[in-house]
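Protein chains: 2
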Amino acid sequence: MKIVVDAMGGDLAPEQIVLGAADAVKADNSLEIVLVGAKERIEDVIKANGCSADGLSVVDAADVITNDDSPTMAIKTKKESSLVKAFDILMHDEDAAAMVSAGSTGAVLAGSVMKVRRIKGVSRPALAPILPTLKEHGVVLCDCGANVDCKPLYLMHFAIMASGYAQLMFGIQNPRVGLLNNGVEEHKGNEQTKQAFELLSGSDAINFVGNCEARDILSGNFDVVVADGFNGNIALKSAEGTAEAMLKLIKDGVYSGGLKSKIGALMLKGVFADVKHKMDYNSNGGACFLGVGKVIVKSHGASKRKSICASILQAQELAQKDICKKISEDISKYTETADAVAGSDQ
Amino acid sequence: MKIVVDAMGGDLAPEQIVLGAADAVKADNSLEIVLVGAKERIEDVIKANGCSADGLSVVDAADVITNDDSPTMAIKTKKESSLVKAFDILMHDEDAAAMVSAGSTGAVLAGSVMKVRRIKGVSRPALAPILPTLKEHGVVLCDCGANVDCKPLYLMHFAIMASGYAQLMFGIQNPRVGLLNNGVEEHKGNEQTKQAFELLSGSDAINFVGNCEARDILSGNFDVVVADGFNGNIALKSAEGTAEAMLKLIKDGVYSGGLKSKIGALMLKGVFADVKHKMDYNSNGGACFLGVGKVIVKSHGASKRKSICASILQAQELAQKDICKKISEDISKYTETADAVAGSDQ
Chain G
180 MKIVVDAMGG DLAPEQIVLG AADAVKADNS LEIVLVGAKE RIEDVIKANG CSADGLSVVD
240 AADVITNDDS PTMAIKTKKE SSLVKAFDIL MHDEDAAAMV SAGSTGAVLA GSVMKVRRIK
300 GVSRPALAPI LPTLKEHGVV LCDCGANVDC KPLYLMHFAI MASGYAQLMF GIQNPRVGLL
360 NNGVEEHKGN EQTKQAFELL SGSDAINFVG NCEARDILSG NFDVVVADGF NGNIALKSAE
420 GTAEAMLKLI KDGVYSGGLK SKIGALMLKG VFADVKHKMD YNSNGGACFL GVGKVIVKSH
480 GASKRKSICA SILQAQELAQ KDICKKISED ISKYTETADA VAGSDQ
Chain S
180 MKIVVDAMGG DLAPEQIVLG AADAVKADNS LEIVLVGAKE RIEDVIKANG CSADGLSVVD
240 AADVITNDDS PTMAIKTKKE SSLVKAFDIL MHDEDAAAMV SAGSTGAVLA GSVMKVRRIK
300 GVSRPALAPI LPTLKEHGVV LCDCGANVDC KPLYLMHFAI MASGYAQLMF GIQNPRVGLL
360 NNGVEEHKGN EQTKQAFELL SGSDAINFVG NCEARDILSG NFDVVVADGF NGNIALKSAE
420 GTAEAMLKLI KDGVYSGGLK SKIGALMLKG VFADVKHKMD YNSNGGACFL GVGKVIVKSH
480 GASKRKSICA SILQAQELAQ KDICKKISED ISKYTETADA VAGSDQ
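Set out below in structure tokens:
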């Protein structure tokens, strides 16, 4: 399977991206990875690190899209950038099944919509990271920033797409869907979530289990949590910031706590490493952009080789299991039902 | 100073409420606390715990408002409830300066608006807890759930009120105000936050320093973060849920990690207790309901005596420093300026 990788996107590009790609082909030698970016620099990384070039090919790209670029404008005008060229290969090479980038989220989303196009029937594609939970598998949070102003029908589509994604990723039959809201009671919410609640709870297309307070996202009581991109982003970043703050407070406490604390911390090193790893959802793969015609995985901007490798293997799995076909079928099925008609009026 | 306490509100009422009130009068014997609730049960708690009754008086109330009651309806119809009677005393006893309740948030807010009334010029009163930060003092998050659908002008008023609150609580001159948003760049946000950004950044009434991502609420880079009640609630609860999940993961790791982990955890007991205490913002007082004519402090539903005592002392401090007068003056001053005219159009 061929996967296109934007070798220049991300804070640690191209080095960590290239090393992650090399790790991925080592893990699965059926993979063919096309690295798009500054050819010489990429080849230098391969050589300097003694990586095998088997399974890796390089396509030169002279330009880079950064976080300072306007996403839509950059996709339109930076035709020689690694990201735009990666999209072009993804769309014109029939064998290319997926694309991975750790670059500007806005540009990856804009490029996905402009170059890859929406799946028929999907109102808005959405960004869906998988967060850790206290139970055996994670939870899909959808949307997380692609759509800041949403109609209730968009949230219904997010629920259908994320349910399909959760089925494939977690191997479960009937993912429990929650609606991110400011209380668990039915009547809770703002205008948007009240309308969305009605639509979600009235549909057989998903297994809607009710409102999810932000406090319960990580509880493991939900497999999917839907939200508009603004609220999903707030919930995600608040969780990230809190996890970071707590680790910092513990670290500061250990440093100022004298020898006893330092020894205690040494003895708990393994526990802290496990917790940090579990909370750092970025290291386990990327966020999938659901609802466009090919598999797009957005890896975190600070991704290191391990997380790039995980994102590539995740993209491969999603392409193998044909997430795009599943979404297309599920959305079609929903659109043909009566409740979709009600939803589209809202 | 006389403070009215709803002795029946909260999961651990009346016992922990009464004990907290007794602790408060012990800490400051100038306090007079009126405990409103089931007289016999309250007096039993005082007797059974050997508390001094000095500074404590009891007003009997036969009924209780619970979380299952509809807030507005309960305030209107449950006239014999401890909360409604507490509001009545607050409004009819001239010496009563503040009210503290750990009961239903919705009912406390409804009662505050219906019984205490808004301060003139305030578009919407707002709930403002103080969250911990990595720096020397906390951050006021306003609004946190009182107003789920907000106009930009409401957020401007939240900024003014919370700035006044931060000045009094933290003893700072010029609180740095951030707008909760999905990115730091000026152009980021949904329709609401884009308009609010314009209004906040164009006003001299506050020290607006820009957008605040949810990741940075606890950073200490802001003294006030304004949000609509829906998003503020999402951010707050996501932070709470993450802090709980992390502590649970650490605990589970220690238990399953054998003797070494258990000894390590024992040696770090003090550090963990400090972190837990710092993250548990509820134990340091309650959330102030800003913008109504008297001081209202909403203590967490699970409040124990320590946190009730802290809420009472906080209410006393706010009444002594006359937060209501400050808000009234600051809002008037703003309303007289030209930028308020622009804001009121939005």
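Residue numbers (my numbering), protein chains in the order written: chain G, 180 to 525; chain S, 180 to 525.
Backbone N, C-alpha and C fix where the C-beta goes; we use that ideal spot for every residue, glycine too.
Treat the numbers as computed from the prediction; the structure is a model and nothing was measured.
query	result
Is the separation between the beta-carbon of S:G282 and that of S:G188 shorter than 7 Å?	yes
Does any C-beta atom of chain A lie closer than 7 Å to the C-beta of S:R394?	In the displayed structure, chain A is absent; the protein chains listed are G and S.
Exposed or buried, G:S312, counting other C-beta atoms within 10 Å across all chains shown (16 or more means buried)?	Reading off the sequence shown, one finds Thr at residue 312 of chain G, where the question assumed Ser. By the 10 Å Cβ count, G:T312 comes out buried.
Quick one: is G:N412 buried, meaning 16 or more other Cβ sit within 10 Å of its Cβ, or exposed?	buried
Give me the chain S residues within the contact set of G:D453, using Cβ-Cβ distance strictly less than 7 Å, ordered along the chain.	G432
Assuming G:A393 and S:G420 are in contact, meaning their beta carbons sit under 8 Å apart, how far apart are those beta carbons, in whole angstroms?	6 Å
Report the residue ranges of all beta strand (DSSP E) runs contained in full by the stretch 236–280 of chain G; include only those spanning at least 3 residues, in chain order.	275–280
With burial defined as no fewer than 16 other Cβ atoms inside 10 Å of the residue's Cβ, what is the status of S:K257: buried or exposed?	buried
How big is the Cα-Cα spacing for G:G408 and S:Y344?	31 Å
How many whole angstroms separate the CB atoms of G:V279 and G:S490, which I take to be in contact at a CB cut-off of 8 Å?	5 Å
Where do the N-terminal and C-terminal ends of the beta strand (DSSP E) with G:A307 fall, by residue?	A305 to A307
Closer than 7 Å, Cβ to Cβ, to anything on chain S: give me those residues from the stretch 490–503 of chain G, in chain order.	none
If contact is defined by three or more beta carbon pairs under 8 Å, each pair taking one atom from either stretch, is the stretch 382–392 of chain G in contact with the stretch 324–334 of chain G?	no
Is there a C-beta anywhere in chain S that falls below 7 Å from the one on G:A345?	no
What does S:I212 pair with, by DSSP beta-bridge criteria?	S:I182 and S:L235
CB-CB under 7 Å to S:P354, same chain, minus the five flanking residues each way: which ones, in chain order?	S342, A345, Q346, N386, D402 and V403
Thinking just about the alpha-carbon of each residue, which of S:A422, S:V213, S:L235 and S:I225 is nearest to the one in S:D267?	S:V213
Report the neighbours of S:K255 on chain G: residues whose CB is nearer than 9 Å to its CB, in chain order.	By Cβ distance, chain G contributes nothing, its closest Cβ being about 17 Å from S:K255, past 9 Å.
Measure the Cβ-Cβ separation of G:V476 and G:C488 and say whether it is below 7 Å.	no
Under 7 Å between C-beta atoms, does G:T421 make it to chain S?	yes
Rounded to a whole number of angstroms, what is the C-alpha to C-alpha distance between S:T372 and G:A307?	23 Å
Of the residues G:V471, G:G470, G:M270 and G:H479, which one's Cα is nearest the Cα of G:N461?	G:H479
Of the residues G:I396, G:L269 and G:N400, which one's Cα is nearest the Cα of G:A414?	G:I396
Which of the residues in the stretch 364–395 of chain S, read from start to end, lie with their CB under 7 Å from any CB of chain G?	G368, N369, E370, E392, A393, R394 and D395
Once the 5 residues before and after G:V197 are set aside, which same chain residues still bring their CB inside 7 Å of it?	A186, L214, I221, V224 and I225
Name the residues in the stretch 323–339 of chain G whose C-beta lies less than 8 Å from a C-beta of chain S; which are they?	G324, V327 and D328
Under the DSSP definition of a beta bridge, which residues are partnered with G:G389?	G:G357
Between the Cα of S:V292 and the Cα atoms of S:K218, S:V184, S:P250 and S:A338, which residue gives the shortest distance?	S:P250
Closer than 7 Å by C-beta to S:D274: which residues in its own chain qualify, once you throw out the five before and the five after it? Chain order, please.	K181
With a cut-off of 7 Å, does the C-beta of G:K314 fall near any C-beta of chain S?	no
Tell me, please, whether the CB atom of S:G317 is closer than 7 Å to any CB atom in chain G?	no
When we look at the beta-carbon of G:S417 and count the other beta-carbons within 10 Å, is it buried (16 or more) or exposed?	buried
DSSP beta-bridge partners for G:K477?	G:S280 and G:A466
Is there a C-beta anywhere in chain G that falls below 7 Å from the one on S:K416?	yes
With 7 Å as the threshold, decide whether the Cβ of G:L191 is near any Cβ in chain S.	no
Starting from the beta carbon of G:A424, find every residue of chain S whose beta carbon is closer than 7 Å, and list them in chain order.	L313 and L397
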